[in-house]
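Numbering (the numbering used here), first residue to last: 3 to 111.
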């Protein structure tokens, strides 16, 4: 029993380390998102940090339109980055979870 607990604790520590490594790696994963017509492009990391915004000259003529484009495209980029971030972290966490008897029943799996 005690050996099992030590094994589980080591597995949890190992998983925490992998999660931290994955978070660090996600800072360098770049995702490109753009408006439907391609006039505005946003580059964001999977850790949700905006790295670059490209704006077509024609959008500079209409402040309100530009603001709308920015809101829509940035929200789209953040949503995509969040999906990638959560999927990567969930995969690492699931892979490293110790097999605790009854846990799957509690989680509905």
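For each residue, glycine too, the CB sits at the ideal point set by N, CA and C. What you are looking at is a predicted structure, and each value in this text was computed from that prediction instead of being measured.
Query                                                                                                                            : Result
Expressed to the nearest angstrom, what Euclidean distance is found between the alpha-carbon atoms of residue 62 and residue 70? : 12 Å
What does DSSP give as the partner residues of residue 46 in its beta bridges?                                                   : 33, 52
Since residue 112 sits in a beta bridge, which residues does DSSP pair it with?                                                  : The structure shown has nothing for residue 112, since the chain only spans 3 to 111.
Out of 95, 6, 39, 87, point me to the one whose CA is closest to residue 49's CA.                                                : 87
Should the region 8-20 be called in touch with the region 28-37, which here means at least 3 C-beta pairs below 8 Å?             : no
Would you report the Cα separation of residue 59 and residue 44, rounded to the nearest angstrom?                                : 15 Å
Alpha carbon to alpha carbon, how far is residue 73 from residue 82? Give it in angstroms, no decimals.                          : 14 Å
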